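Chains as they are written, first to last, in full-length UniProt numbering: chain A, 1 to 240; chain B, 1 to 240.
Pasting the structure below:
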């Protein structure tokens, strides 16, 4: 059975202007891979209502799971929650359990749960809360879309809570070999090998280090014996 | 007049598996921003023919410019060129000027222009070559799509050649203020300010440093006087 598929939607002008370097994509990719879920597409859109709604609808329809990152804070440019709700035509309003989580968090800090902070308790009807152990403001799951924070420490904490609830496929095994020859030299035999192992994904990633050309060859697949066999052939074809 | 828009398409299994951290998105975002072109969407797809073709078609139709990164090397998993050609229903074949560039590059290195390397001279009919000053294998421009390498040093070099040919809009000016208060405290006045300056983009980016919560407030816009006026108000509202 093929592994479940996932997509990610990163929301934020700051990524697209280059001011901020996204860190959540690589973390999510690694975590999903080791959980046997295939991250198949990522989109980055700006803080724009239409862009968010359309991307959520497209990705939700195309993949088993969707993870969003960003836009769920208290300020005017945080518009993810209402537009995910809109994508599924659901009302959104302040929910008691979310408000209670925020209230006790701010009480502990001696801060007021003001109108802006209360925006973070707005949850679409029928959603399930995602725990935020760091700053209390929850994420949520609606349909197959996990709506999570953009701040990396909070994104990671939310994901750590969500992952055990997902059914992964067989973990994808990966082995690699570094070859200090140009890709053009190894491409022929490598293509032949890839053709003989159609169930494996064999990738070649070129690098240049201190003026020397090389490639990292990565063999990935679910069948450990096949991965081992392909690696043995690779080692014979490209001896160190 | 609104600034031209752009999208980026990153192609590569290695990004989606988490093995490689994409570096080209942030570089492109910064370069386009300073050139007055609005990077509006980014997609990352795997080395999959259908995924590449559909993404190229969707992004090419929606934005003024599209930049792709990755998948134009000599190995079997480099399938970007033929699928961009397919997206526009154009034949693709080895082109003389591309072959000549590769031939003289490999001659200088005493390497053979073998069948695998020759794949990098396949160019869709009617495309314009994009110079690769590092490893000779050219990128190309077809319709409004700039097809470029995934290796960051080569991507950057190709982009440096392409950017001067693009007509940018007015550069987007940006100023920022760091406020050492939680976002929930500043959200109210910040939202009011944003409403009074509809032509500016005012973003709030929370951080947590040594246990202190704060936010970087970024004011962006094309009218320097407006940006200055908003920043002056910000400084009065949130004195250091």
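Note that CB positions come from ideal geometry on N, CA and C, so glycine has one too. This structure is a prediction, so every number in the text was calculated from the model and none was measured.
If you follow the alpha helix (DSSP H) that residue 233(B) is in, where does it begin and where does it stop? Taking the first residue of the second chain as position 1, residue 233(B) is located at position 233. Looking at the DSSP string, the run of the alpha helix (DSSP H) that includes residue 233(B) is 224-237.
Can you tell me where the alpha helix (DSSP H) holding residue 117(A) begins and where it ends? For the purposes of this step, residue 117(A) is identified with residue 117 of the first chain, where counting begins at 1. Unbroken alpha helix (DSSP H) run through residue 117(A): 115-118.
Using a 10 Å radius around the Cβ and a threshold of 16 neighbouring Cβ atoms, would you call residue 80(A) buried or exposed? Stepping through the first chain from its first residue, residue 80(A) is reached at position 80. By the neighbour-count rule (16 or more Cβ atoms within 10 Å), residue 80(A) is buried.
Once DSSP output is grouped into helix, strand and coil, what is the label at residue 40(A)? Walking along the first chain from the start, residue 40(A) turns up at place 40. Note: residue 40(A) maps to strand in three-state DSSP.
Count the other CB atoms within 10 Å of the CB of residue 207(A); is the residue buried (16 or more) or exposed (fewer)? Translated into positions along the first chain, residue 207(A) becomes position 207. Its Cβ having fewer than 16 others within 10 Å, residue 207(A) is exposed.
So, residue 36(A) versus residue 138(A), is the Cβ gap smaller than 8 angstroms? As a first step, residue 36(A) is located in the first chain; it is residue number 36 there, counting from the start. As a first step, residue 138(A) is located in the first chain; it is residue number 138 there, counting from the start. No.
For residue 206(B), which three-state DSSP category applies? Your numbering for residue 206(B) matches position 206 in the second chain. DSSP places residue 206(B) in strand when its eight states are reduced to three.
Where residue 186(B) and residue 96(A) are concerned, what is the direct C-alpha to C-alpha distance, given to the nearest angstrom? Your numbering for residue 186(B) matches position 186 in the second chain. Your numbering for residue 96(A) matches position 96 in the first chain. Cα-Cα distance, rounded: 24 angstroms.
Would you mind giving the Cβ-Cβ distance between residue 47(A) and residue 13(A), rounded to the nearest angstrom? I have them listed as a contact below 8 angstroms. Counting from 1 along the first chain, the entry for residue 47(A) is found at position 47. Counting from 1 along the first chain, the entry for residue 13(A) is found at position 13. Residue 47(A) to residue 13(A), Cβ: 5 angstroms. Contact.
Are the C-beta atoms of residue 74(B) and some chain A residue less than 8 angstroms apart? As a first step, residue 74(B) must be located in the second chain, where it is residue number 74. Yes, residue 74(B) counts as interfacial toward chain A.
I'd like to know if residue 43(A) contacts chain B, where contact means its C-beta is closer than 8 angstroms to some C-beta of that chain. Sequence index remark: in the first chain, residue 43(A) carries index 43 (1-based). Chain B, which has a Cβ nearer than 8 angstroms to the Cβ of residue 43(A), makes this yes.
For residue 218(A), return the contacting residues in chain B, with the cut-off set at a CB-CB distance below 9 angstroms. Along the first chain, one-based indexing puts residue 218(A) at 218. Residues of chain B passing the Cβ test: 13, 14, 17, 19.
Leaving aside the five residues before and after residue 32(A) along the sequence, list all residues of the same chain whose C-beta is less than 6 angstroms from its C-beta, in chain order. Within the first chain, residue 32(A) is the residue found at index 32, counting from 1. So the list reads 6, 39, once near-sequence residues are dropped.
Does the beta carbon of residue 40(B) come closer than 8 angstroms to any beta carbon on chain A? Working through the second chain from its first residue, we reach residue 40(B) at position 40. Yes, because at least one Cβ of chain A sits closer than 8 angstroms to the Cβ of residue 40(B).
Do residue 43(A) and the ligand GTP come close, with the Cβ less than 7 angstroms from some heavy atom? In the structure shown, the ligand GTP is absent, as is every other ligand, since no ligand is present at all.
Return the residues of the segment 186-209 of chain B that lie within a Cβ-Cβ distance of less than 8 angstroms from chain A, sorted by chain order. 186, 187, 188, 190, 191, 194, 195, 201, 202, 203, 204, 205, 206, 207, 208
Measuring CB to CB, does residue 221(B) end up less than 8 angstroms from residue 204(B)? Numbered from 1 along the second chain, position 221 holds the residue referred to as residue 221(B). Numbered from 1 along the second chain, position 204 holds the residue referred to as residue 204(B). Cβ distance not < 8 angstroms, so residue 221(B) and residue 204(B) don't count as in contact.
If you count every other CB in all the chains shown that lies within 10 Å of the CB of residue 164(B), and 16 or more means buried, which is it? Within the second chain, residue 164(B) is the residue found at index 164, counting from 1. With fewer than 16 other Cβ atoms within 10 Å, it is exposed.
Straight-line CA distance for residue 155(B) to residue 148(B)? Position 155 of the second chain, counted from the first residue, corresponds to residue 155(B). Position 148 of the second chain, counted from the first residue, corresponds to residue 148(B). Near 6 angstroms, if we compare the C-alpha coordinates of residue 148(B) and residue 155(B).
Sequence-distant residues of its chain with Cβ nearer than 7 angstroms to residue 55(B) (five each side left out): Along the second chain, read from residue 1 onward, the residue named residue 55(B) stands at position 55. Contacts found: 9, 43, 45.
Do you know offhand how far residue 66(A)'s Cα is from residue 158(A)'s? Here the question's residue 66(A) lines up with position 66 in the first chain. Here the question's residue 158(A) lines up with position 158 in the first chain. Looking at the two C-alpha atoms, the distance is approximately 14 angstroms.
Grouping DSSP H, G and I as helix and E and B as strand, with all else coil, what is residue 71(B)? Within the second chain, the letter at position 71 stands for residue 71(B). Three-state result, residue 71(B): coil.
Three-pair Cβ contact test at 8 angstroms for the segment 123-142 of chain A versus the segment 96-112 of chain A: yes
Cα-Cα, which of 210(B), 93(B), 193(B), 240(B) is closest to residue 229(B)? In the second chain, counting from the first residue as 1, residue 229(B) sits at position 229. The shortest C-alpha separation from residue 229(B) is found at 193(B).
Go ahead and pull the three-state DSSP assignment for residue 200(A). In the first chain, counting from the first residue as 1, residue 200(A) sits at position 200. Coil.
Check the C-beta distance from residue 41(B) over to residue 28(B) and give it rounded, since I have them as a contact under 8 angstroms. Within the second chain, the letter at position 41 stands for residue 41(B). Within the second chain, the letter at position 28 stands for residue 28(B). That belief does not hold up - the Cβ atoms of residue 41(B) and residue 28(B) are roughly 12 angstroms apart, past 8 angstroms.
Use the C-beta contact count for residue 183(A): other C-beta atoms within 10 angstroms, 16 or more gives buried, fewer gives exposed. Taking the first chain and counting its residues from 1, one reaches residue 183(A) at position 183. Buried is the call here.
Look up residue 65(A) in the DSSP assignment and say whether it is helix, strand or coil. Residue 65(A) sits at position 65 when you count from the first residue of the first chain. Residue 65(A): strand per DSSP, three-state reduction.
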